[in-house]
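Residue numbers (mature numbering (1 follows the signal peptide of the UniProt record, and there is no 0)): -16 to -1, 1 to 449.
Idealized CB from N, CA, C, for every residue including glycine.
Here the structure is a predicted model, which is why all the values come from computation and not from measurement.
Step one of this worksheet: look at the structure below.
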(Lines of atoms letter the chains of each structure in order from A and count residues from 1; the text may use other names and numbers.)
(Lines give C-alpha, C1' and ligand atoms only; values in the text may rest on other atoms or scores of the structure.)
Protein backbone atom coordinates (compact mmCIF):
# COMPACT_ATOMS: atom_id res chain seq x y z
CA UNK A 1 0.00 0.00 0.00
CA UNK A 2 2.87 2.39 0.73
CA UNK A 3 4.01 2.15 -2.90
CA UNK A 4 0.50 2.87 -4.15
CA UNK A 5 0.26 5.97 -2.00
CA UNK A 6 3.37 7.38 -3.66
CA UNK A 7 2.08 6.87 -7.18
CA UNK A 8 0.07 9.41 -9.18
CA UNK A 9 -3.39 7.98 -9.52
CA UNK A 10 -6.80 8.80 -10.95
CA UNK A 11 -9.82 8.96 -8.68
CA UNK A 12 -11.73 6.09 -10.30
CA UNK A 13 -8.80 3.73 -9.89
CA UNK A 14 -8.35 4.77 -6.27
CA UNK A 15 -12.05 4.10 -5.62
CA UNK A 16 -11.75 0.64 -7.16
CA UNK A 17 -8.71 -0.20 -5.05
CA UNK A 18 -10.43 0.98 -1.86
CA UNK A 19 -13.49 -1.08 -2.81
CA UNK A 20 -11.19 -4.09 -3.10
CA UNK A 21 -9.91 -3.52 0.45
CA UNK A 22 -6.99 -1.14 0.03
CA UNK A 23 -6.42 0.64 3.35
CA UNK A 24 -3.70 2.88 4.82
CA UNK A 25 -2.84 4.61 8.06
CA UNK A 26 -2.11 8.27 8.65
CA UNK A 27 1.54 7.36 9.22
CA UNK A 28 1.71 5.66 5.81
CA UNK A 29 0.09 8.66 4.15
CA UNK A 30 2.61 11.00 5.78
CA UNK A 31 5.50 8.84 4.59
CA UNK A 32 4.14 8.84 1.06
CA UNK A 33 3.61 12.58 1.03
CA UNK A 34 7.14 13.11 2.32
CA UNK A 35 8.76 11.02 -0.39
CA UNK A 36 6.72 12.00 -3.46
CA UNK A 37 9.43 10.26 -5.46
CA UNK A 38 7.03 8.93 -8.05
CA UNK A 39 5.54 12.31 -8.98
CA UNK A 40 8.07 12.68 -11.80
CA UNK A 41 6.66 9.55 -13.44
CA UNK A 42 3.60 11.49 -14.66
CA UNK A 43 5.23 12.53 -17.90
CA UNK A 44 6.70 9.06 -18.45
CA UNK A 45 3.26 7.51 -17.95
CA UNK A 46 1.83 9.77 -20.62
CA UNK A 47 -0.87 11.09 -18.30
CA UNK A 48 -1.48 14.81 -18.32
CA UNK A 49 -0.90 16.39 -14.94
CA UNK A 50 -4.25 18.15 -15.19
CA UNK A 51 -5.98 14.75 -15.10
CA UNK A 52 -4.50 13.92 -11.71
CA UNK A 53 -5.34 15.38 -8.34
CA UNK A 54 -2.77 15.39 -5.53
CA UNK A 55 -2.41 11.82 -4.20
CA UNK A 56 -3.63 12.48 -0.62
CA UNK A 57 -6.76 14.19 -1.95
CA UNK A 58 -7.52 11.32 -4.33
CA UNK A 59 -7.21 8.65 -1.65
CA UNK A 60 -9.29 10.57 0.88
CA UNK A 61 -12.01 11.11 -1.73
CA UNK A 62 -11.97 7.39 -2.40
CA UNK A 63 -12.40 6.74 1.34
CA UNK A 64 -15.32 9.16 1.45
CA UNK A 65 -16.96 7.55 -1.58
CA UNK A 66 -16.99 4.22 0.27
CA UNK A 67 -18.27 5.82 3.46
CA UNK A 68 -15.19 4.68 5.39
CA UNK A 69 -13.98 6.15 8.66
CA UNK A 70 -10.77 8.13 8.72
CA UNK A 71 -7.56 6.11 8.40
CA UNK A 72 -6.07 5.02 11.72
CA UNK A 73 -4.41 7.87 13.59
CA UNK A 74 -5.66 10.61 11.24
CA UNK A 75 -7.07 13.76 12.86
CA UNK A 76 -10.05 15.42 11.20
CA UNK A 77 -7.95 18.47 10.30
CA UNK A 78 -5.65 16.23 8.26
CA UNK A 79 -8.57 15.05 6.16
CA UNK A 80 -9.64 18.65 5.63
CA UNK A 81 -6.13 19.57 4.49
CA UNK A 82 -6.00 16.71 2.02
CA UNK A 83 -9.40 17.50 0.54
CA UNK A 84 -9.17 21.28 0.58
CA UNK A 85 -12.02 21.61 3.08
CA UNK A 86 -12.41 24.44 5.54
CA UNK A 87 -11.68 23.80 9.21
CA UNK A 88 -14.55 23.63 11.66
CA UNK A 89 -14.41 24.44 15.36
CA UNK A 90 -14.82 20.75 16.18
CA UNK A 91 -11.78 19.86 14.07
CA UNK A 92 -9.57 22.33 15.89
CA UNK A 93 -10.90 21.44 19.34
CA UNK A 94 -9.63 18.53 21.49
CA UNK A 95 -12.25 16.19 20.05
CA UNK A 96 -10.81 16.66 16.57
CA UNK A 97 -7.55 14.96 17.52
CA UNK A 98 -7.20 11.24 18.00
CA UNK A 99 -4.95 8.53 19.38
CA UNK A 100 -4.49 4.96 18.22
CA UNK A 101 -7.61 3.77 20.07
CA UNK A 102 -9.78 6.37 18.35
CA UNK A 103 -11.09 9.87 18.98
CA UNK A 104 -10.83 11.14 22.53
CA UNK A 105 -11.84 14.36 24.22
CA UNK A 106 -8.61 14.55 26.17
CA UNK A 107 -5.67 13.32 24.07
CA UNK A 108 -2.38 13.04 25.98
CA UNK A 109 -0.26 16.18 25.67
CA UNK A 110 2.69 14.44 24.02
CA UNK A 111 0.40 12.71 21.53
CA UNK A 112 -1.29 15.98 20.68
CA UNK A 113 2.07 17.67 20.06
CA UNK A 114 3.23 14.82 17.82
CA UNK A 115 0.00 14.83 15.83
CA UNK A 116 0.12 18.59 15.43
CA UNK A 117 3.69 18.28 14.17
CA UNK A 118 2.56 15.67 11.62
CA UNK A 119 -0.41 17.80 10.56
CA UNK A 120 1.81 20.85 10.08
CA UNK A 121 4.16 18.82 7.87
CA UNK A 122 1.14 17.63 5.89
CA UNK A 123 -0.13 21.21 5.57
CA UNK A 124 3.15 22.20 3.93
CA UNK A 125 3.32 19.15 1.68
CA UNK A 126 -0.18 19.30 0.20
CA UNK A 127 -0.13 22.97 -0.72
CA UNK A 128 -1.85 23.71 -4.03
CA UNK A 129 -1.20 26.80 -6.12
CA UNK A 130 -4.90 27.53 -6.70
CA UNK A 131 -5.63 27.46 -2.96
CA UNK A 132 -2.74 29.60 -1.79
CA UNK A 133 -4.68 32.07 0.34
CA UNK A 134 -7.00 29.44 1.81
CA UNK A 135 -4.17 27.10 2.77
CA UNK A 136 -2.16 29.88 4.37
CA UNK A 137 -5.23 30.75 6.42
CA UNK A 138 -5.49 27.12 7.53
CA UNK A 139 -1.84 27.02 8.50
CA UNK A 140 -2.30 30.19 10.51
CA UNK A 141 -5.28 28.63 12.31
CA UNK A 142 -3.19 25.59 13.24
CA UNK A 143 -0.36 27.76 14.53
CA UNK A 144 -2.76 29.67 16.76
CA UNK A 145 -3.57 26.50 18.71
CA UNK A 146 -2.11 26.42 22.24
CA UNK A 147 -0.19 23.26 21.39
CA UNK A 148 1.61 25.05 18.54
CA UNK A 149 2.99 27.55 21.02
CA UNK A 150 4.51 24.62 22.93
CA UNK A 151 6.29 22.90 20.06
CA UNK A 152 9.93 22.16 20.80
CA UNK A 153 12.78 23.63 18.72
CA UNK A 154 13.50 20.11 17.45
CA UNK A 155 9.89 19.69 16.29
CA UNK A 156 9.97 23.06 14.55
CA UNK A 157 13.23 22.19 12.83
CA UNK A 158 11.66 18.96 11.55
CA UNK A 159 8.68 20.90 10.18
CA UNK A 160 10.90 23.52 8.53
CA UNK A 161 13.16 20.85 7.01
CA UNK A 162 10.13 19.25 5.40
CA UNK A 163 8.67 22.54 4.27
CA UNK A 164 11.80 23.71 2.50
CA UNK A 165 11.60 20.68 0.20
CA UNK A 166 8.28 21.88 -1.22
CA UNK A 167 8.36 23.86 -4.45
CA UNK A 168 5.46 26.20 -3.74
CA UNK A 169 4.54 29.77 -4.59
CA UNK A 170 3.52 30.36 -0.99
CA UNK A 171 6.53 28.73 0.64
CA UNK A 172 7.71 32.12 1.93
CA UNK A 173 4.41 32.82 3.63
CA UNK A 174 4.35 29.40 5.29
CA UNK A 175 7.93 29.60 6.52
CA UNK A 176 7.42 33.10 7.86
CA UNK A 177 4.43 31.97 9.92
CA UNK A 178 6.40 29.05 11.35
CA UNK A 179 9.36 31.25 12.26
CA UNK A 180 7.06 33.40 14.37
CA UNK A 181 6.48 30.51 16.80
CA UNK A 182 8.17 30.72 20.23
CA UNK A 183 10.27 27.66 19.37
CA UNK A 184 12.01 29.66 16.62
CA UNK A 185 13.66 31.80 19.28
CA UNK A 186 15.32 28.67 20.64
CA UNK A 187 16.67 27.20 17.40
CA UNK A 188 20.37 26.35 17.62
CA UNK A 189 23.04 28.13 15.56
CA UNK A 190 23.73 24.92 13.63
CA UNK A 191 20.03 24.58 12.79
CA UNK A 192 19.79 28.21 11.67
CA UNK A 193 22.91 27.75 9.53
CA UNK A 194 21.48 24.71 7.74
CA UNK A 195 18.11 26.35 7.20
CA UNK A 196 19.76 29.54 6.01
CA UNK A 197 21.65 27.67 3.30
CA UNK A 198 18.47 25.92 2.18
CA UNK A 199 16.39 29.09 2.18
CA UNK A 200 19.07 30.98 0.26
CA UNK A 201 19.21 28.26 -2.39
CA UNK A 202 15.43 28.46 -2.73
CA UNK A 203 15.70 32.26 -2.94
CA UNK A 204 13.21 32.41 -0.09
CA UNK A 205 12.67 35.71 1.69
CA UNK A 206 12.36 33.66 4.88
CA UNK A 207 16.16 33.73 5.03
CA UNK A 208 15.85 37.30 6.29
CA UNK A 209 13.59 36.13 9.13
CA UNK A 210 16.19 33.53 10.09
CA UNK A 211 18.88 36.19 10.29
CA UNK A 212 16.77 38.05 12.84
CA UNK A 213 16.71 35.08 15.25
CA UNK A 214 18.95 35.05 18.37
CA UNK A 215 20.94 32.05 17.12
CA UNK A 216 22.07 34.03 14.07
CA UNK A 217 24.19 36.16 16.40
CA UNK A 218 26.28 33.07 17.12
CA UNK A 219 27.00 32.01 13.54
CA UNK A 220 30.67 31.43 12.74
CA UNK A 221 32.63 33.98 10.71
CA UNK A 222 33.65 31.45 8.06
CA UNK A 223 30.02 30.49 7.47
CA UNK A 224 28.81 34.10 7.30
CA UNK A 225 31.57 35.06 4.85
CA UNK A 226 30.61 32.11 2.64
CA UNK A 227 26.97 33.16 2.80
CA UNK A 228 27.98 36.68 1.80
CA UNK A 229 29.92 35.40 -1.19
CA UNK A 230 27.04 33.14 -2.23
CA UNK A 231 24.52 35.97 -1.84
CA UNK A 232 26.59 38.28 -4.04
CA UNK A 233 27.22 35.57 -6.64
CA UNK A 234 23.50 34.80 -6.90
CA UNK A 235 22.46 38.48 -6.85
CA UNK A 236 20.76 38.13 -3.46
CA UNK A 237 21.91 41.55 -2.26
CA UNK A 238 18.94 41.92 0.09
CA UNK A 239 20.65 39.43 2.43
CA UNK A 240 23.99 41.24 2.50
CA UNK A 241 23.19 44.12 4.90
CA UNK A 242 21.68 41.69 7.44
CA UNK A 243 24.64 39.33 7.21
CA UNK A 244 27.00 42.24 7.75
CA UNK A 245 25.18 43.27 10.90
CA UNK A 246 25.97 39.92 12.49
CA UNK A 247 28.99 39.83 14.84
CA UNK A 248 30.64 37.21 12.62
CA UNK A 249 30.26 39.40 9.55
CA UNK A 250 32.09 42.26 11.20
CA UNK A 251 35.08 40.01 11.87
CA UNK A 252 35.77 39.09 8.24
CA UNK A 253 39.32 39.22 6.92
CA UNK A 254 40.65 42.07 4.83
CA UNK A 255 40.76 39.78 1.78
CA UNK A 256 37.09 38.87 2.18
CA UNK A 257 36.16 42.50 2.78
CA UNK A 258 38.09 43.65 -0.29
CA UNK A 259 36.33 41.04 -2.44
CA UNK A 260 32.94 42.10 -1.13
CA UNK A 261 33.77 45.77 -1.62
CA UNK A 262 34.61 45.20 -5.29
CA UNK A 263 31.34 43.34 -5.80
CA UNK A 264 29.39 46.12 -4.09
CA UNK A 265 30.95 48.83 -6.27
CA UNK A 266 30.22 46.79 -9.38
CA UNK A 267 26.59 46.18 -8.35
CA UNK A 268 25.99 49.84 -7.52
CA UNK A 269 27.69 51.15 -10.67
CA UNK A 270 25.97 49.19 -13.42
CA UNK A 271 24.08 51.03 -16.15
CA UNK A 272 20.88 52.66 -14.98
CA UNK A 273 18.74 50.70 -17.45
CA UNK A 274 19.85 47.42 -15.92
CA UNK A 275 19.89 48.58 -12.31
CA UNK A 276 17.40 47.37 -9.75
CA UNK A 277 16.78 49.90 -7.01
CA UNK A 278 16.83 47.20 -4.34
CA UNK A 279 20.19 45.88 -5.53
CA UNK A 280 21.81 49.31 -5.63
CA UNK A 281 20.40 50.25 -2.24
CA UNK A 282 21.66 47.02 -0.68
CA UNK A 283 25.08 47.45 -2.30
CA UNK A 284 25.36 50.99 -0.94
CA UNK A 285 24.26 49.79 2.50
CA UNK A 286 26.97 47.15 2.27
CA UNK A 287 29.63 49.78 1.55
CA UNK A 288 28.32 51.98 4.35
CA UNK A 289 28.64 49.08 6.80
CA UNK A 290 32.03 47.65 5.90
CA UNK A 291 33.85 50.99 5.90
CA UNK A 292 33.73 50.83 9.72
CA UNK A 293 34.91 47.21 10.03
CA UNK A 294 38.39 46.56 11.48
CA UNK A 295 39.49 44.89 8.24
CA UNK A 296 38.71 48.07 6.29
CA UNK A 297 41.91 49.57 7.67
CA UNK A 298 43.89 46.91 5.81
CA UNK A 299 42.42 47.34 2.33
CA UNK A 300 45.30 48.51 0.09
CA UNK A 301 45.01 52.13 -0.98
CA UNK A 302 45.71 50.99 -4.55
CA UNK A 303 42.51 48.92 -4.47
CA UNK A 304 40.55 51.87 -3.11
CA UNK A 305 42.01 54.07 -5.87
CA UNK A 306 40.98 51.58 -8.55
CA UNK A 307 37.43 51.43 -7.20
CA UNK A 308 37.27 55.21 -6.94
CA UNK A 309 38.26 55.54 -10.58
CA UNK A 310 35.48 53.12 -11.56
CA UNK A 311 32.89 55.07 -9.56
CA UNK A 312 33.98 58.48 -10.87
CA UNK A 313 34.17 57.34 -14.49
CA UNK A 314 30.64 55.94 -14.22
CA UNK A 315 29.40 59.14 -12.57
CA UNK A 316 28.39 57.33 -9.37
CA UNK A 317 28.87 60.09 -6.82
CA UNK A 318 27.15 58.07 -4.07
CA UNK A 319 29.60 55.21 -4.52
CA UNK A 320 32.63 57.50 -4.67
CA UNK A 321 31.56 59.38 -1.54
CA UNK A 322 31.42 56.13 0.44
CA UNK A 323 34.79 54.96 -0.90
CA UNK A 324 36.40 58.24 0.13
CA UNK A 325 35.35 57.46 3.70
CA UNK A 326 37.42 54.26 3.80
CA UNK A 327 40.43 54.66 6.12
CA UNK A 328 43.00 53.86 3.43
CA UNK A 329 41.47 56.36 0.99
CA UNK A 330 43.54 58.91 2.88
CA UNK A 331 46.64 57.22 1.43
CA UNK A 332 45.71 57.47 -2.26
CA UNK A 333 48.61 58.96 -4.23
CA UNK A 334 48.69 62.46 -5.71
CA UNK A 335 48.80 61.15 -9.28
CA UNK A 336 45.60 59.17 -8.73
CA UNK A 337 43.90 62.12 -7.05
CA UNK A 338 44.74 64.30 -10.06
CA UNK A 339 43.13 61.74 -12.38
CA UNK A 340 40.06 61.56 -10.15
CA UNK A 341 39.75 65.33 -9.99
CA UNK A 342 40.07 65.64 -13.76
CA UNK A 343 37.33 63.04 -14.25
CA UNK A 344 35.05 64.74 -11.72
CA UNK A 345 35.25 68.34 -12.93
CA UNK A 346 31.50 68.43 -13.57
CA UNK A 347 30.60 67.35 -10.03
CA UNK A 348 31.01 70.14 -7.49
CA UNK A 349 30.22 68.06 -4.38
CA UNK A 350 32.53 65.23 -5.37
CA UNK A 351 35.33 67.68 -6.21
CA UNK A 352 35.01 69.13 -2.72
CA UNK A 353 35.32 65.71 -1.09
CA UNK A 354 38.23 64.68 -3.30
CA UNK A 355 39.88 67.99 -2.53
CA UNK A 356 39.84 67.10 1.16
CA UNK A 357 42.09 64.09 0.62
CA UNK A 358 45.65 64.62 1.90
CA UNK A 359 47.12 64.06 -1.57
CA UNK A 360 44.91 66.82 -3.02
CA UNK A 361 46.30 69.27 -0.51
CA UNK A 362 49.83 68.40 -1.67
CA UNK A 363 49.37 68.75 -5.43
CA UNK A 364 52.27 70.24 -7.33
CA UNK A 365 51.90 73.55 -9.13
CA UNK A 366 52.17 71.82 -12.53
CA UNK A 367 49.47 69.30 -11.60
CA UNK A 368 47.20 72.06 -10.40
CA UNK A 369 47.69 74.10 -13.58
CA UNK A 370 46.74 71.07 -15.70
CA UNK A 371 43.73 70.47 -13.50
CA UNK A 372 42.59 74.09 -13.82
CA UNK A 373 42.81 73.92 -17.57
CA UNK A 374 40.79 70.67 -17.63
CA UNK A 375 38.14 72.24 -15.41
CA UNK A 376 37.73 75.33 -17.60
CA UNK A 377 37.83 73.29 -20.83
CA UNK A 378 34.94 71.20 -19.44
CA UNK A 379 32.89 74.35 -18.77
CA UNK A 380 33.18 73.44 -15.09
CA UNK A 381 33.38 76.93 -13.65
CA UNK A 382 32.17 75.86 -10.22
CA UNK A 383 34.78 73.13 -10.12
CA UNK A 384 37.48 75.61 -11.01
CA UNK A 385 36.57 77.33 -7.78
CA UNK A 386 37.14 74.05 -5.92
CA UNK A 387 40.56 73.67 -7.53
CA UNK A 388 41.48 77.28 -6.79
CA UNK A 389 40.86 76.62 -3.10
CA UNK A 390 43.78 74.16 -3.00
CA UNK A 391 47.08 75.36 -1.50
CA UNK A 392 49.05 75.00 -4.74
CA UNK A 393 46.81 77.59 -6.42
CA UNK A 394 48.35 80.30 -4.27
CA UNK A 395 51.79 79.31 -5.61
CA UNK A 396 51.03 79.59 -9.34
CA UNK A 397 53.48 81.96 -11.01
CA UNK A 398 52.61 84.66 -13.51
CA UNK A 399 53.88 82.65 -16.50
CA UNK A 400 51.63 79.68 -15.74
CA UNK A 401 48.65 81.88 -15.06
CA UNK A 402 49.22 83.89 -18.23
CA UNK A 403 49.44 80.74 -20.37
CA UNK A 404 46.26 79.39 -18.81
CA UNK A 405 44.38 82.64 -19.40
CA UNK A 406 45.46 82.86 -23.03
CA UNK A 407 44.49 79.24 -23.75
CA UNK A 408 41.01 79.71 -22.36
CA UNK A 409 40.30 83.21 -23.70
CA UNK A 410 38.80 82.09 -27.01
CA UNK A 411 36.78 79.17 -25.72
CA UNK A 412 33.16 79.25 -26.86
CA UNK A 413 31.91 78.80 -23.33
CA UNK A 414 29.61 80.62 -20.98
CA UNK A 415 31.74 79.45 -18.08
CA UNK A 416 35.11 80.94 -19.07
CA UNK A 417 34.49 84.61 -18.07
CA UNK A 418 33.59 83.65 -14.52
CA UNK A 419 36.47 81.16 -14.38
CA UNK A 420 39.01 83.76 -15.50
CA UNK A 421 37.59 86.35 -13.13
CA UNK A 422 38.44 83.94 -10.33
CA UNK A 423 41.86 83.27 -11.81
CA UNK A 424 42.47 87.01 -11.81
CA UNK A 425 42.05 87.02 -8.04
CA UNK A 426 45.09 84.78 -7.51
CA UNK A 427 48.34 86.34 -6.24
CA UNK A 428 50.05 85.60 -9.58
CA UNK A 429 47.59 87.89 -11.37
CA UNK A 430 49.28 90.87 -9.74
CA UNK A 431 52.45 89.99 -11.68
CA UNK A 432 50.87 90.04 -15.17
CA UNK A 433 51.82 93.65 -15.95
CA UNK A 434 54.13 92.67 -18.78
CA UNK A 435 51.79 90.13 -20.34
CA UNK A 436 49.41 92.31 -22.32
CA UNK A 437 47.50 89.34 -23.81
CA UNK A 438 46.84 87.88 -20.39
CA UNK A 439 45.83 91.25 -18.96
CA UNK A 440 43.47 91.74 -21.90
CA UNK A 441 41.95 88.33 -21.25
CA UNK A 442 41.36 89.18 -17.61
CA UNK A 443 39.87 92.55 -18.52
CA UNK A 444 37.61 90.97 -21.10
CA UNK A 445 36.53 88.32 -18.65
CA UNK A 446 35.71 90.81 -15.94
CA UNK A 447 33.96 93.08 -18.43
CA UNK A 448 31.92 90.21 -19.87
CA UNK A 449 30.98 89.02 -16.40
CA UNK A 450 29.85 92.55 -15.50
CA UNK A 451 27.83 92.83 -18.68
CA UNK A 452 26.16 89.52 -17.99
CA UNK A 453 25.28 90.64 -14.48
CA UNK A 454 23.76 93.88 -15.81
CA UNK A 455 21.80 91.98 -18.45
CA UNK A 456 20.46 89.54 -15.87
CA UNK A 457 19.47 92.39 -13.57
CA UNK A 458 17.74 94.22 -16.41
CA UNK A 459 15.91 91.09 -17.50
CA UNK A 460 14.78 90.48 -13.95
CA UNK A 461 13.50 94.05 -13.60
CA UNK A 462 11.66 93.82 -16.91
CA UNK A 463 9.93 90.60 -15.91
CA UNK A 464 9.06 92.11 -12.56
CA UNK A 465 7.54 95.12 -14.24
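Exercise for the section: Let me know the secondary structure DSSP gives residue 331 once reduced to three states. Expected result: Annotated three-state conformation of residue 331 is coil, per DSSP.
Handout entry: Beta-carbon proximity of residue 216 to residue 179, cut-off 8 Å
Key = Cβ atoms of residue 216 and residue 179: not closer than 8 Å.
Handout entry: Helix, strand or coil at residue 221 according to DSSP, with G and I counted as helix
Key = In the structure shown, residue 221 sits in a helix (DSSP, three-state: H, G or I).
Exercise for the section: Can you tell me which of 10, 408 and -2 puts its alpha carbon nearest to the alpha carbon of residue -15? Expected result: Nearest to residue -15 by alpha-carbon distance, out of 10, 408 and -2, is 10.
Problem - Cα-Cα separation, residue 140 to residue 146 - result: Residue 140 and residue 146: Cα-Cα distance of roughly 10 Å.
Exercise for the section: Compute the Euclidean distance between the alpha carbons of residue 384 and residue 341, then round it to the nearest angstrom. Expected result: Those two C-alpha atoms are separated by around 25 Å.
Exercise for the section: Kindly indicate the opening and closing residues of the alpha helix (DSSP H) around residue 51. Expected result: Residue 51: not part of any alpha helix (DSSP H); DSSP gives it neither H nor E.
Practice task
Measure the Cβ-Cβ separation of residue 14 and residue 102 and say whether it is below 8 Å.
Solution key: Yes, the Cβ-Cβ distance between residue 14 and residue 102 is below 8 Å.
Problem - Secondary structure of residue -7, DSSP reduced to three states - result: In the structure shown, residue -7 sits in coil (DSSP, three-state: anything other than H, G, I, E or B).
Exercise for the section: Could you tell me the boundaries of the alpha helix (DSSP H) in which residue 101 lies? Expected result: Where residue 101 is concerned, the enclosing alpha helix (DSSP H) stretches over 93 to 109.
Practice task
Label residue 253 either buried or exposed according to how many other C-beta atoms from any shown protein chain fall within 10 Å of its C-beta, with 16 as the threshold for buried.
Solution key: Buried is the call here.
Problem - Distance CB(residue 410)-CB(residue 377) smaller than 8 Å - result: In this structure, residue 377 lies closer than 8 Å to residue 410 by Cβ.
Handout entry: DSSP three-state assignment for residue 457, whether helix, strand or coil
Key = Because the chain spans -16 through 449 in this model, residue 457 falls outside it and cannot be assessed.
Exercise for the section: Give every residue of the same chain whose Cβ lies closer than 6 Å to the Cβ of residue 282, excluding the five residues on either side of it in the sequence, and list them in chain order. Expected result: For residue 282, where only same-chain residues beyond five positions count, the Cβ hits under 6 Å are 238.
Practice task
Measure the CB-CB distance between residue 236 and residue 279 and report whether it falls below 8 Å.
Solution key: Yes; because the gap between Cβ atoms is below 8 Å, this pair is in contact.
Handout entry: The alpha helix (DSSP H) enclosing residue 283, as first and last residue numbers
Key = Segment: none, residue 283 is in no alpha helix (DSSP H) and carries neither H nor E.
Practice task
Could you check the C-alpha separation between residue 138 and residue 100 for me, to the nearest Å?
Solution key: Taking the straight line joining both Cα atoms gives about 14 Å.
Handout entry: Euclidean distance between Cα positions of residue 73 and residue 222
Key = Between residue 73 and residue 222, the C-alpha separation is close to 41 Å.
Handout entry: Nearest to residue 173 (by Cα), restricted to the options 154, 196, 348 and 200
Key = Cα-wise, what sits closest to residue 173 is 200.
Exercise for the section: Please list the segments of the alpha helix (DSSP H) lying wholly inside the region 158 to 200, counting only runs of 4 or more residues, in order along the chain. Expected result: Note on the region 158 to 200: whole alpha helix (DSSP H) runs with a minimum of 4 residues are 173 to 185 and 190 to 195, in chain order.
Exercise for the section: Answer with buried or exposed for residue 166, where buried requires no fewer than 16 other C-beta atoms within 10 angstroms of its C-beta. Expected result: With fewer than 16 Cβ atoms within 10 Å of its Cβ, residue 166 is classed as exposed.
Practice task
Determine the direct distance from the alpha carbon of residue 155 to that of residue 132, and round the result to whole angstroms.
Solution key: When rounded, the distance between both Cα atoms is 19 Å.
Handout entry: Extent of the continuous alpha helix (DSSP H) run through residue 451
Key = Within the shown structure, residues of the chain are numbered from -16 to 449, placing residue 451 beyond reach of any answer.
Handout entry: Nearest-angstrom Cα separation, counted from residue 261 out to residue 408
Key = Roughly 45 Å between the two C-alpha positions.
Exercise for the section: Taking the CB atoms as reference points, tell me whether residue 124 and residue 161 lie closer together than 8 Å. Expected result: The criterion of a C-beta distance shorter than 8 Å is satisfied by residue 124 and residue 161.
Exercise for the section: Would you check if the distance between the CB atom of residue 296 and the CB atom of residue 328 is smaller than 8 Å? Expected result: Yes. Within cutoff.
Practice task
Find out if the Cβ-Cβ distance for the pair residue 49, residue -2 is shorter than 8 Å.
Solution key: Closer than 8 Å, so yes.
Problem - Alpha carbon of residue 240 to alpha carbon of residue 209, nearest angstrom - result: Taking the straight line joining both Cα atoms gives about 7 Å.
Practice task
Helix, strand or coil for residue 7, going by three-state DSSP, please let me know.
Solution key: When secondary structure is reduced to three states using DSSP, residue 7 falls in the coil class, being assigned neither helix nor strand.
Handout entry: Rounded straight-line distance, which links the Cα of residue 225 to that of residue 352
Key = If you draw a straight line from the Cα of residue 352 to the Cα of residue 225, it is about 40 Å long.
Handout entry: Between the CA atoms of residue 326 and residue 190 - distance to the nearest angstrom
Key = Taken atom to atom, the span from the alpha-carbon of residue 190 to that of residue 326 is near 46 Å.
Practice task
Use the C-beta contact count for residue 219: other C-beta atoms within 10 angstroms, 16 or more gives buried, fewer gives exposed.
Solution key: By the beta-carbon neighbour count (other beta carbons within 10 angstroms, threshold 16), residue 219 is exposed.
Handout entry: Where residue 81 falls: helix, strand or coil (DSSP)
Key = Assigned with DSSP and collapsed to three states, residue 81 falls in coil, not helix or strand.
Exercise for the section: Could you tell me if residue 7 is buried or exposed, where buried requires 16 or more neighbouring beta carbons within 10 angstroms of its beta carbon? Expected result: Counting C-beta atoms within 10 angstroms of its own C-beta, residue 7 has fewer than 16 neighbours from the protein chains shown and is therefore classed as exposed.
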